[in-house]
Amino acid sequence: MSSMYVVATGGTGGHVFPALALARELAGRGDSVTFLTDGRGMRYLPVDMPHREIDAASPSGGWVRRAGALFSLAKGLFESLAAMRDLRPRAVACFGGYASIPAAFAARLRSVPVMVHEQNAVFGRANRHIGRFAKVIALSFEDTDSLPAGTARRIVTGNPVRPGFAGTIGERTDGRLELLVIGGSQGARILSDIVPAAVLALPEDIKSRLRVVQQCRGEDLERVRDAYAGAPFEVELAGFFDDMPQRMGRASLVIGRSGASTVSELLALARPSILIPYLHAADGHQLANAERLERAGAALVHRQDEVTGEALTQSLAELLGDNDRLASMGRAAAGLDRSDAASALADALQSIAGGERS
């Protein structure tokens with residue numbers, strides 16, 4: 001018998017992508033799913049995904065902004081209560097972002113059980129509110145900071161990745177080296193600033209076997225192209241790559257940020273990496289994510305406020321000049337991956353599902 005579930009999330013792709021993975025898993029089991037999300041989260045939903053848009057905003061900044069955010073969250077609560085009444089879900093899964101807060105509290109008021117999933121190694125601000133009364137807290141990292149007090153059952157499921165990243169590994173067999181430089185969906189300016197010079201300073205024996213693929217902000221493309229002018233190796237630059245799973249899968253080494261999606265994709269594809277966490281990520285979660293990989297031997301970490309071109313050149317030379325080290329880091333990444341994350345989340349959600357709502 002088909003059951004109805006609500007998935008609540010908002011904000012960024014890092015919240016929405018794993019929520020979509022759970023929705024697909026539930027649909028594959030014959031269940032129905034409706035998303036509750038805000039305007040930002042709507043951008044990441046497929047056009048055929050059932051959803052309702054709710055109001056939400058971050059209660060940060062000055063008092064005027066905070067007052068407006070509280071009004072939005074209150075409006076979102078009433079919208080979420082209406083959704084609970086109409087949809088009568090058996091359980092609600094929350095994936096962070098402030099849109100998940102009114103949905104979770106509406107579920108609590110309607111006595112609908114709640115599961116919350118954290119994608120990062122630091123429990124997020126929205127999730128902390130929800131975790132106090134959730135039935136299940138699902139974690140991506142066994143060692144997660146800032147967990148809330150409460151009686152919730154805690155499980156480690158990992159973080160589901162987008163379909164294209166599952167098992168897409170294209171190992172190189174020609175002895176060539178491919179360096180992939182990525183900076184999230186919009187690129188990262190610091191990578192445009194320091195990577196070209198760092199790569200050009202590598203020893204000749206590495207450069208003779210090297211190919212560089214770099215994602216840049218659109219406004220940075222021309223200057224990055226100029227920085228690589230005359231390089232003795234092939235360089236491919238773009239603002240966006242629509243075949244990222246294949247490119248990441250065949251990369252010898254990846255340089256990038258350490259948001260939840262990037263980290264989970266690196267683990268799924270068993271890729272060694274050099275990570276430069278975004279300095280201003282909320283609660284330092286990108287640094288925490290990167291440190292978990294470094295601790296396991298899957299990555300090297302350079303802090304954004306400390307990294308230099310010379311230090312990056314040294315790390316690149318150490319790794320690109322040592323195939324055994326790259327292979328070892330790849331195995332360490334694979335050891336952190338949980339390829340059954342979506343299935344584990346669906347099992348957990350179904351385990352707390354209440355009876356048919358009335």
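Under the numbering used here, the letters of the sequence shown match residues 1 to 358, in that order. Beta carbons: idealized from backbone N, C-alpha and C, even for Gly.
Spatial distance of residue i from residue j (CA atoms)
{"i": "residue 92", "j": "residue 123", "result": "18 Å"}
{"i": "residue 214", "j": "residue 176", "result": "17 Å"}
{"i": "residue 12", "j": "residue 321", "result": "36 Å"}
{"i": "residue 152", "j": "residue 95", "result": "16 Å"}
{"i": "residue 251", "j": "residue 317", "result": "16 Å"}
{"i": "residue 137", "j": "residue 334", "result": "24 Å"}
{"i": "residue 183", "j": "residue 328", "result": "24 Å"}
{"i": "residue 146", "j": "residue 282", "result": "12 Å"}
{"i": "residue 73", "j": "residue 109", "result": "15 Å"}
{"i": "residue 28", "j": "residue 158", "result": "20 Å"}
{"i": "residue 22", "j": "residue 342", "result": "5 Å"}
{"i": "residue 101", "j": "residue 287", "result": "25 Å"}
{"i": "residue 144", "j": "residue 120", "result": "8 Å"}
{"i": "residue 65", "j": "residue 75", "result": "15 Å"}
{"i": "residue 244", "j": "residue 255", "result": "14 Å"}
{"i": "residue 350", "j": "residue 107", "result": "16 Å"}
{"i": "residue 85", "j": "residue 354", "result": "15 Å"}
{"i": "residue 319", "j": "residue 280", "result": "27 Å"}
{"i": "residue 225", "j": "residue 310", "result": "20 Å"}
{"i": "residue 223", "j": "residue 174", "result": "31 Å"}
{"i": "residue 263", "j": "residue 304", "result": "17 Å"}
Distance between beta carbons of residue j and residue i, contact taken as under 8 Å
{"i": "residue 129", "j": "residue 18", "result": "Actually they are not in contact, since the Cβ atoms of residue 129 and residue 18 sit about 19 Å apart, beyond 8 Å."}
{"i": "residue 253", "j": "residue 237", "result": "About 17 Å separates the two Cβ atoms, so there is no contact after all."}
{"i": "residue 87", "j": "residue 105", "result": "16 Å between Cβ atoms; not a contact."}
{"i": "residue 8", "j": "residue 155", "result": "About 19 Å; that fails the 8 Å criterion."}
{"i": "residue 132", "j": "residue 148", "result": "5 Å"}
{"i": "residue 198", "j": "residue 45", "result": "38 Å between Cβ atoms; not a contact."}
{"i": "residue 268", "j": "residue 277", "result": "The Cβ separation is near 19 Å, so there is no contact."}
Cutoff 6 Å; reference residue i; Cβ partners in own chain excluding five residues on either side
{"i": "residue 179", "result": "212, 253"}
{"i": "residue 52", "result": "36, 83"}
{"i": "residue 265", "result": "161, 165"}
{"i": "residue 344", "result": "157"}
{"i": "residue 294", "result": "301"}
{"i": "residue 139", "result": "118, 156"}
{"i": "residue 386", "result": "Past the boundaries of the shown model lies residue 386; the chain is included only from 1 to 358, so the question cannot be answered."}
{"i": "residue 306", "result": "none"}
Residue i burial status per 10 Å Cβ neighbour count (16 or more: buried)
{"i": "residue 39", "result": "exposed"}
{"i": "residue 163", "result": "exposed"}
{"i": "residue 258", "result": "buried"}
{"i": "residue 142", "result": "exposed"}
{"i": "residue 62", "result": "exposed"}
{"i": "residue 47", "result": "exposed"}
{"i": "residue 103", "result": "buried"}
{"i": "residue 308", "result": "exposed"}
{"i": "residue 67", "result": "exposed"}
{"i": "residue 30", "result": "exposed"}
{"i": "residue 337", "result": "buried"}
{"i": "residue 2", "result": "exposed"}
{"i": "residue 249", "result": "buried"}
{"i": "residue 330", "result": "buried"}
{"i": "residue 292", "result": "buried"}
Cutoff 7 Å; reference residue i; Cβ partners in own chain excluding five residues on either side
{"i": "residue 352", "result": "91, 113, 115, 135, 136"}
{"i": "residue 340", "result": "none"}
{"i": "residue 189", "result": "217, 220"}
{"i": "residue 284", "result": "122"}
{"i": "residue 261", "result": "13, 14, 17"}
{"i": "residue 26", "result": "5, 33, 346"}
{"i": "residue 228", "result": "196, 235"}
{"i": "residue 89", "result": "4, 5, 6, 112, 357"}
{"i": "residue 10", "result": "37, 38, 40, 41, 56, 97, 98, 99, 100"}
{"i": "residue 247", "result": "180, 213, 241"}
{"i": "residue 323", "result": "none"}
Close-in-space but distant-in-sequence residues of the same chain around residue i (CB under 8 Å, 5 per side omitted)
{"i": "residue 203", "result": "317, 321"}
{"i": "residue 239", "result": "187, 215, 216, 217, 218, 221"}
Does the segment 202–211 touch the segment 221–241, meaning 3 or more C-beta pairs lie closer than 8 Å?
-> yes
Do the segment 288–299 and the segment 264–277 make contact, defined as three or more Cβ pairs closer than 8 Å?
-> yes
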